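Residue numbering for the sequence shown is 1 to 270, as defined by UniProt numbering.
Ideal placement from N, C-alpha and C gives every residue a C-beta, glycine not left out.
Every value quoted in this text rests on a predicted model; they were computed, and no experiment measured them.
Written out below as structure tokens is the structure these notes cover.
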Amino acid sequence: MPLRPSAPLLDLNDVSFSYGPTPVLQGVSLRLERGQMIALMGGSGSGKTTLLRLIGGQLQPSQGQIRFNGESTLGFNHRQLYAMRKQIGMLFQFGALFTDLSVYDNIAFPLREHFDLPEVMVRDLVLMKLHAVGLRGAARQMPHELSGGMARRVALARAIALDPLLMLYDEPFTGLDPISLGTVAKLIRELNDALGTGAILVTHNVQESLQLVDHVYFLSRGRIVAAGKPADILQENDPFVHQFIHAEPDGPVPFHVPAGDYLSELGLRP
Ligand SMILES: Nc1ncnc2c1ncn2[C@@H]1O[C@H](COP(=O)(O)OP(=O)(O)OP(=O)(O)O)[C@@H](O)[C@H]1O
């Protein structure tokens, strides 16, 4: 797939999707430029993972357009989808490594899978990626010998092994202690800037990601309800955004699941 620097890296226009009769995403529009990082925030079940799956081509929208690197992905055949996915790196929750492969072989895996490169070249590429995440010295270790933060960094090195144009992160900070979280977050930003990638970050770590990204989109019940720069989002008056940013237990997203009258249920109201 040729590079098209003049087109946005990713352009979603009025995208809708439903798994069955119930719509999961409705009229979502979103744009990502090269070098830009955006955060996608929203409560559980708001459609964030579904949106990432649409972008990755695992699902097709029922309505609307998705353009990746200037090209509409709608109706891509198997070969085109495969070519596109090679240009998308993914780091998902817990970033599972292959437990029976060393750190080195974990990163070599996508290179060996997708290209027929001489081993000396694979070696140089693996060491470059490991160096970028500060773990060249851990090349021979096995995943069970790594701390959680180190394992996540290895997963990150593996995700960028093919020099993707776009990175998708789905809860990349889950289970990390605050120091490792800070390290991984900083690394994600530095790598994005160094490689000129674009990135979409799905996360519940509101404060950390507001410091990390250039733009934030809020999803609620499958719709974008607010979008803007982190500084603007912090000033946002929308009650949903306010509740989310300030982690308030009650608000538009209610604390109580809808239920019948409490006193009646306890038998205290005739
Ligand atoms: N394979 C599926 N089949 C049917 N419905 C699904 C499927 N996957 C997700 N859903 C539904 O689609 C809606 C959106 O789910 P999605 O996983 O995209 O939300 P999310 O914002 O990523 O949530 P979370 O933060 O909890 O991961 C939810 O109501 C969910 O139950």
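Test item: CB-CB of residue i and residue j under 8 Å
i: residue 69; j: residue 135; result: no
i: residue 88; j: residue 15; result: no
i: residue 148; j: residue 182; result: no
i: residue 122; j: residue 111; result: yes
i: residue 12; j: residue 202; result: no
i: residue 146; j: residue 155; result: no
i: residue 98; j: residue 54; result: no
i: residue 223; j: residue 64; result: no
i: residue 132; j: residue 157; result: yes
i: residue 37; j: residue 212; result: yes
i: residue 91; j: residue 19; result: no
i: residue 198; j: residue 32; result: yes
i: residue 50; j: residue 25; result: yes
i: residue 218; j: residue 42; result: yes
i: residue 126; j: residue 107; result: yes
Secondary structure of residue i, DSSP reduced to three states
i: residue 122; result: helix
i: residue 213; result: coil
i: residue 71; result: strand
i: residue 29; result: strand
i: residue 112; result: helix
i: residue 269; result: coil
i: residue 58; result: coil
i: residue 208; result: helix
i: residue 173; result: coil
i: residue 237; result: coil
i: residue 8; result: coil
One or two residues paired with residue i in a DSSP bridge
i: residue 13; result: 65
i: residue 200; result: 38, 168
i: residue 146; result: In the DSSP output, where bridge partners are listed per residue, residue 146 has none listed.
i: residue 228; result: 216
i: residue 23; result: 18
i: residue 223; result: 220
Selection from the options that minimises the alpha carbon distance to residue i
i: residue 216; options: 105, 245, 75; result: 245
i: residue 44; options: 220, 80, 23; result: 220
i: residue 29; options: 36, 211, 61; result: 61
i: residue 115; options: 194, 25, 86; result: 86
i: residue 57; options: 39, 82, 132; result: 82
i: residue 180; options: 153, 265, 6, 168; result: 153
i: residue 35; options: 191, 100, 96; result: 191
i: residue 46; options: 79, 118, 225; result: 225
i: residue 205; options: 195, 107, 194, 184; result: 184
i: residue 230; options: 142, 166, 40; result: 40
i: residue 195; options: 125, 166, 263; result: 166
i: residue 143; options: 172, 164, 101; result: 101
i: residue 130; options: 150, 247, 118; result: 150
i: residue 186; options: 200, 164, 171, 209; result: 209
i: residue 140; options: 172, 189, 105; result: 105
i: residue 214; options: 189, 235, 237; result: 189
i: residue 247; options: 172, 207, 177; result: 207
i: residue 171; options: 113, 242, 96; result: 96
i: residue 93; options: 173, 128, 113; result: 173
- prompt: Can you list the beta strand (DSSP E) stretches of 3 or more residues lying completely in the region 76-105, in chain order?
  reply: 88-92
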